[in-house]
Amino acid sequence: MVTRLTPIEILEKLVSFPTVSSQSNLPLIDWVEDYFAAHGITSHRYCHESEPKAALFAHVGPQIKGGVLLSGHTDVVPVEGQNWSTDPFVLTEKEGLLFGRGSCDMKGFDALAIWAMVEATSRPLSRPLQIALSFDEEVGCTGAPPMIARIVDVLPKAESVIVGEPSMMQVVTSHKGSQAHITHIIGHEVHSSTPHLGVSAIMEAGRLIDWANRINEANSDKSPTEVDLLFDPPWSTAHVGTIHGGTAQNITAGSCKFGVDFRVNPSEDGTYYRDLYVAKLREVERDMQARCPDTRIDVDHTFSVTPLRPEADGPAETLARAITGDNGTHVVSYATEAGQFQDAGYSACVCGPGDIAQAHQADEFISVAQMHAGQSFIEKLLDRM
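Going from the sequence shown to our numbering is simple: count from 1 and add 214.
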């Protein structure tokens, strides 16, 4: 007889795969596919175009529309430079806490979703249950959109998507969008005693960074919408987190590279800030080239994540609230793949076990109690289906 693993046994297996975003997730995907196959579940893959990575999705139940899709990501953040007290890729239980990289974000929910699919094979479902496990969520949610497009082509369309990011099993109905832009300024080097003869890439970067500060000041003065007021802060933000440039103190910098990101309220269009930034960037570039024609500014738009917008009487929210009994209003400032499912015409919300405060930390953990709460949610979901 084929063995059915418990959610925690599945989590133990998932954590053992070091699926850091810079590495392959194929061993994990292979294991899930084999585990599903042993229980009569057919899996489908969407493969990365150039890297050894894949997303996996599957369907249990009648071949009709209107089901529920459980969504999670398989990649995790690195552990280098963190002071772990346990092996990050060995699930370790201490005093009711399960330690391991990704245990909270978000292999705990992945384990529950995998368990749910196998449980569903022995239930007389009137609506189908689906699962989607993506890659590259941690580097900008870049793996989900092509995966979702493939799901739409292959599976009957689900009515509701539950994205199981850690929310302590609260029903989250909105989050900010996110964009990242890597900017590389190429200046003109001269001796720093004659800066007027050259262009300092660092000094020009300062103009753009100051612009970002002024965007924050202007946005903080705007009148927020009712949904905006739920966020902290209630305005869209610009941020520069890293900057590298220059070769010596007495040389005008020939190169400067920095990252700009925007966290955009659901009430706003994220492309507005991208276009606004590019317009300012080109203005600075024109000033640079008027002094030294060999200068320029390159920008790489590394990712853009859609916000999750509240849905009036959305099926996903209604379902999750009915199961959890949670009638509160919850938003989060971190980005998820929920808005990307929304873009594809699905109703979506976020509801998963664990505390986001543990995500990305050394000694990341999820509590056994939260895993049990997640399992209770899944059991009630299956009963309703």
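Cβ coordinates follow ideal geometry from the N, Cα and C atoms, glycine included.
Based on Cα-Cα distance, which residue from the options lies nearest to residue i?
{"i": "TRP245", "options": "LEU443, VAL234, GLU226, LEU444", "result": "GLU226"}
{"i": "PHE323", "options": "MET599, THR461, ASP577, GLY568", "result": "GLY568"}
{"i": "GLY566", "options": "GLY281, GLY357, SER264, CYS318", "result": "CYS318"}
{"i": "GLY295", "options": "THR532, ASP577, GLY553", "result": "ASP577"}
{"i": "MET599", "options": "LEU228, CYS506, GLY310, GLY281", "result": "GLY281"}
{"i": "LEU270", "options": "LEU369, HIS398, SER561", "result": "LEU369"}
{"i": "HIS458", "options": "ASN427, ILE400, ARG510", "result": "ILE400"}
{"i": "SER374", "options": "ASP597, ALA549, ASP527", "result": "ASP527"}
{"i": "GLN384", "options": "GLN554, GLY553, THR456, THR532", "result": "THR532"}
{"i": "THR233", "options": "HIS273, PHE313, ASP289, ASP489", "result": "ASP289"}
{"i": "LEU447", "options": "SER434, ILE396, THR543, GLY455", "result": "Here residue 447 is Pro; the residue named in the question, Leu, does not match the sequence. Considering only alpha carbons, the answer is SER434."}
{"i": "VAL229", "options": "ASP597, GLY354, VAL304", "result": "VAL304"}
{"i": "SER414", "options": "THR456, MET502, HIS253", "result": "MET502"}
{"i": "LEU311", "options": "ARG428, ALA583, GLY275", "result": "ALA583"}
{"i": "GLN463", "options": "SER407, PRO380, VAL274", "result": "SER407"}
{"i": "GLU551", "options": "LEU495, LEU522, VAL545, PHE579", "result": "LEU522"}
{"i": "THR451", "options": "GLU265, ARG337, VAL546, ILE429", "result": "ILE429"}
{"i": "ALA251", "options": "SER264, SER236, HIS273", "result": "HIS273"}
Can you pull the DSSP bridge partners for residue i?
{"i": "ASP602", "result": "Past the boundaries of the shown model lies residue 602; the chain is included only from 215 to 599, so the question cannot be answered."}
{"i": "LEU443", "result": "Answer by DSSP bridge pairing: none, since LEU443 is not bridged."}
{"i": "GLY459", "result": "CYS470"}
{"i": "TYR260", "result": "ALA269"}
{"i": "LEU522", "result": "HIS389"}
{"i": "PHE313", "result": "THR306, PHE579"}
{"i": "ALA534", "result": "The partner list for ALA534 (beta bridge, DSSP) is empty, contrary to what the question assumes."}
{"i": "PHE231", "result": "Beta-bridge pairing links PHE231 to no other residue."}
{"i": "ALA562", "result": "VAL375"}
{"i": "VAL274", "result": "LEU343"}
{"i": "ILE255", "result": "Answer by DSSP bridge pairing: none, since ILE255 is not bridged."}
{"i": "HIS405", "result": "ILE465"}
{"i": "HIS515", "result": "HIS395"}
{"i": "ILE400", "result": "SER469, ARG510"}
Residue range of the beta strand (DSSP E) that residue i falls in?
{"i": "HIS389", "result": "386-389"}
{"i": "THR306", "result": "306-308"}
{"i": "ILE376", "result": "374-377"}
{"i": "GLY286", "result": "282-287"}
{"i": "ALA327", "result": "Element bounds for ALA327: not the beta strand (DSSP E) but the alpha helix (DSSP H), 322-334."}
{"i": "VAL546", "result": "544-546"}
For residue i, collect the residues of the same chain with a Cβ closer than 6 Å to its Cβ; drop the 5 residues on either side in sequence, then sort them by chain order.
{"i": "LEU284", "result": "ALA327, ILE345, ILE376"}
{"i": "ALA573", "result": "CYS318, ASP319"}
{"i": "ILE423", "result": "VAL454"}
{"i": "LYS594", "result": "ILE537"}
{"i": "LYS471", "result": "HIS398, HIS458"}
{"i": "TYR548", "result": "none"}
{"i": "ILE601", "result": "Absent from the model: residue 601. The displayed extent of the chain is 215 to 599, so no value can be given."}
{"i": "VAL546", "result": "VAL386, HIS389"}
Could you check what DSSP says for residue i in three-state terms: helix, strand or coil?
{"i": "ARG428", "result": "helix"}
{"i": "GLY354", "result": "coil"}
{"i": "THR485", "result": "helix"}
{"i": "SER343", "result": "The sequence given here places Leu at residue 343; Ser does not occur at that position. In this structure, LEU343 counts as strand in the three-state DSSP scheme."}
{"i": "HIS410", "result": "helix"}
{"i": "ILE224", "result": "helix"}
{"i": "ARG505", "result": "helix"}
{"i": "VAL290", "result": "strand"}
{"i": "VAL348", "result": "According to the sequence as given, residue 348 is Ser; it is not Val. Strand, per DSSP."}
{"i": "ASP367", "result": "helix"}
{"i": "ARG510", "result": "strand"}
{"i": "ILE362", "result": "helix"}
{"i": "LYS494", "result": "helix"}
{"i": "PRO208", "result": "Outside the modelled stretch of the chain, which goes from 215 to 599, sits residue 208, for which no answer is possible."}
{"i": "SER236", "result": "coil"}
{"i": "GLN572", "result": "helix"}
{"i": "PRO438", "result": "coil"}
{"i": "ALA415", "result": "helix"}
Take residue i and list the residues in its own chain whose beta-carbon comes closer than 8 Å to its own, dropping the five residues that flank it on each side.
{"i": "ALA268", "result": "ASN239, LEU240, ILE243, ARG259, TYR260, CYS261, HIS262, PHE349"}
{"i": "ALA372", "result": "LYS279, GLY280, GLY281, VAL282, LEU283, PRO342, GLN344, TYR560"}
{"i": "GLN554", "result": "CYS355, ALA358, PRO359, ILE362, VAL519, THR520"}
{"i": "ARG488", "result": "GLN393, HIS395, PHE476, HIS515, SER518"}
Hey, could you find the ends of the alpha helix (DSSP H) residue i is sitting in?
{"i": "GLY588", "result": "582-598"}
{"i": "ALA251", "result": "240-252"}
{"i": "ALA552", "result": "552-557"}
Apart from the five residues on each side of it in sequence, which residues of its chain come closer than 7 Å, Cβ to Cβ, to residue i?
{"i": "VAL441", "result": "SER388, PRO480, SER481, PRO524"}
{"i": "PRO221", "result": "ALA325, LEU326, TRP329, MET585, GLN589"}
{"i": "ASP557", "result": "THR520"}
{"i": "SER403", "result": "Correcting the residue type first, residue 403 is Glu in the shown sequence and not Ser. The residues are GLY412, ILE465, THR466, GLY468."}
{"i": "ASN541", "result": "ARG535"}
{"i": "ALA394", "result": "GLY354, GLY473, ASP475, THR516, PHE517"}
{"i": "TRP298", "result": "ALA576, ASP577"}
{"i": "GLU418", "result": "ILE399, GLY401, VAL498, MET502"}
Contact criterion: CB-CB distance below 7 Å. Does residue i meet it with respect to chain D?
{"i": "THR233", "result": "Of the chains in the structure shown, none is chain D; there is only one protein chain."}
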